[in-house]
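In my numbering, the protein residues as written are 203 to 344.
Beta carbons are placed, not taken as given, at the ideal position from N, Cα and C, and that holds for glycine.
Note that this is a predicted model, so its numbers are computed, not measured.
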């Protein structure tokens, strides 16, 4: 999945509710697994980051983003990043994952309710997923 600021990050089309629901459940499972990994990373880096900031304050030094930082073709490269910077990046991803998980849960609920009301056949479903919202388009085939 490609993340982008305020733009559609995923556009998928399905020919049945069951296919769409399965896809949403698979995505949700993957996001939840990633969220667990990110939570573990965050737990580890928070302790290091806190110690790093405390030591930096005691010594009166500055906190730098990294030993070396460069931007190459719109990609920022950090060599030996500050734990503080790494913690910020991990927290940001944790927030993104939380938002996406909530979006996929809501989509799943909507699809299940619509499936119960309309049945599984003769429908085209398009999901347009953005970082903070989703749109579900249903076109009935007649």
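query	result
Count Cβ pairs between the stretch 272-279 and the stretch 232-245 that sit closer than 8 Å; are there 3 or more?	no
By how many angstroms is the C-alpha of residue 217 removed from the C-alpha of residue 366?	What is shown of the chain runs 203 to 344, which leaves residue 366 out entirely.
For residue 350, write down the residues that DSSP places opposite it in a beta bridge.	Since the first residue of the chain shown is 203 and the last is 344, residue 350 is not available in this structure.
Mind checking who residue 342 pairs with in its DSSP beta bridge?	325
Alpha carbon to alpha carbon, how far is residue 272 from residue 315? Give it in angstroms, no decimals.	49 Å
Rounded to whole angstroms, what is the Cα-Cα separation between residue 326 and residue 337?	14 Å
When the Cα atoms are used, what is the spatial distance from residue 311 to residue 232?	18 Å
Under three-state DSSP, which class holds residue 210?	coil
Comparing C-alpha positions only, which one of 280, 305 and 294 sits nearest to residue 212?	305
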